[in-house]
Structure formats: structure tokens, C-alpha cells
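Shown next, in C-alpha cells, is the structure this report addresses.
In our numbering, the protein residues as written are 4 to 307.
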């Protein structure tokens, strides 16, 4: 059963490294609670818009539907709705360590529950028949989804990282979702599959709702084994950065969002991650946190 349980000073929000912890405001907690209670309906509405984009028979009709999705994902009127930042596997684990080991003693929590997109759309990846337990809520988001009685349970960072490992192996994309155009609105680490995720589908159709993370894939073409011997990158890439042209794998780095799912299954070890120099969302989630322990950034423990 759902209940509204805001306690002033005891609902931490994400502020990032080297920042004083503070509680989310009553207004934001209330607005996000209302969003959470209506999230399945909002997800279905986003799906309907995406269906409309794909079914459009004229450029004008298609653009109208695209504008509807952009309004849903990024207008001032809907700023309380989530926006996504794609992060690599290692970066997603850093977020768990920060939430649990740094902010945990100040009241931050991590909780996991069933994928709300799968619940809303009743769509599942191959071999899956019921909602997967893979929505990892963070900070005040963990409190809200517990309040909603949506089947979430509190977990440790190590338990969260085990879920991330399993999702990464399956090719699911880690996305940090935040509201209010602010990192302080971070509330969940989604693990997006290839069937139910409306955020990635909407991005591929409209170019809105999802942003590139602080890393980008690099490919050594001389090590690529080709489509017949491998080709996993084409199968796993959700953003169409890898494709097959004239029987060869072609990698368009400009489309890479930095999710890393193509790297782990590359049989020729032709792919690796590197720091994205033109990362635009430092004010949302800093490289110091997401890239801690790599690319010359200090280990996360230094900031604890």
C-alpha cells in the first residue's frame, strides 16, 4: 500500500562530490511522488507518441509527433519528468559506491524493484516472462518508490553492483535518470533492455530525452574480426552507432552515447572506452565521480 512519508531533513538529494549534503524540498518530493504514482501511464503515453512517429505518413505529421515527444521530455512545463544520461558500466558502479559509502551515512539509500517500463507496457526481452528486478532507485528516489509500495527493497552498493553486472552482460544500457534539469533530481539508475525502454526508443526517433555520457567508444579497425566471426557490436548497440555496410562493420563514433555494451563482447578486443572531451553535463554529474579511478581521476575513496 502506498503512503506519503516526507521527513524534513531526512530525504537526501544527489549533489555530487565535494558538496554538502542536503535534503530534497517538500515540493520536489511531492511532485516526484505524484510522477511516480503516474509513471506507468506516462510511459504508455510516450509509447503512443513513438508509435505515432513511426506510423506517420508525411514529413509534417512525423515532425508534429517528434515535437510532442520533445515537449514531453524537455520542456519547462514538464521539467519534473525524467531526463537520461547514458553512463558506462564502471561509471554506474561509481554512482552506487558514492550513494552508499559516501552519502549513505548521511541518510541516502539504494533500493531495487521491478522495471516500471516492463510493467507499464508488458513487453520483455527474449526469454523474460515477467518484470525484471533491475530498477535501482537512489537517494530520495529510493524513499519515494518505497512510499509508493511498488515492490522495492533496500539494498547495499555491492548488491546493486551485482545487478549492474548482470544487466551489462545482457546488453542493457545503464542510464542515470534525473528530473528538474538538475543533478539534484537524480533518482534512479535504469538498466534499459531492447523491448520496453521508451527513453531510448524516443531518443532514436526524436533525438531528445537522452544525453551522451562522459565516455566514448574507440575502435581499432585492424583488430575487428568482422561480421561472420563476431558482429556482436551491431547486435548490441541500441543507438545504431555500429552497422553493416557491404558485409563489413562500420562504426559511426558520432552516434556513440558511451554505454560500453559493445566493448565487453568484442571478440577481437577492437573496442575500448576513452574519456569524452566534449562532455556537456558536468553540472549534472561530474567526471570526478563518474570516471573516478580511471583516466587519471582520483579513486572515489579520496572524496569520501
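We put the CB at the ideal spot given by N, CA and C, even for glycine.
Fair warning: this is a prediction, and the values are worked out from it, not measured in the lab.
{"Query": "Candidates 69, 153, 107: closest to residue 42 by CA position", "Result": "153"}
{"Query": "Pairwise C-alpha distance: residue 107 and residue 252", "Result": "44 Å"}
{"Query": "Local conformation of residue 187 per DSSP, three classes", "Result": "helix"}
{"Query": "Uninterrupted alpha helix (DSSP H) stretches inside the region 216-263 (no shorter than 4 residues)", "Result": "235-239"}
{"Query": "Expected contact under 8 Å - CB spacing of residue 292 and residue 72 to nearest Å", "Result": "No, residue 292 and residue 72 are not in contact; Cβ-Cβ is about 30 Å, not under 8 Å."}
{"Query": "Cβ-Cβ separation, residue 114 to residue 140 (assumed contact under 8 Å), whole Å", "Result": "5 Å"}
{"Query": "Neighbourhood of residue 266 by C-beta distance below 7 Å, restricted to the same chain and skipping five residues each side", "Result": "220, 274, 275, 276"}
{"Query": "Burial state of residue 129 (16 or more Cβ within 10 Å)", "Result": "exposed"}
{"Query": "Nearest neighbour of residue 151, chosen from 137, 96, 38 [CA to CA]", "Result": "38"}
{"Query": "Chain-order list of residues whose beta-carbon lies under 7 Å from that of residue 239 (same chain, five-residue window excluded)", "Result": "174, 264, 265, 268"}
{"Query": "Residue 16 - containing alpha helix (DSSP H), residue span", "Result": "Counting along the chain, residue 16 falls outside any alpha helix (DSSP H), and DSSP gives it neither H nor E."}
{"Query": "Three-way DSSP call (helix, strand, coil) for residue 193 in this model", "Result": "strand"}
{"Query": "Residue 299 to residue 34 span [Cα, whole Å]", "Result": "39 Å"}
{"Query": "Residue 289, enclosing beta strand (DSSP E) - first and last residue", "Result": "Premise fails: residue 289 is in no beta strand (DSSP E) and is neither H nor E."}
{"Query": "Residues near residue 180 in its chain [Cβ-Cβ closer than 6 Å; skip 5 each side]", "Result": "85, 87, 191, 193"}
{"Query": "Span separating the alpha-carbon of residue 49 from that of residue 225", "Result": "41 Å"}
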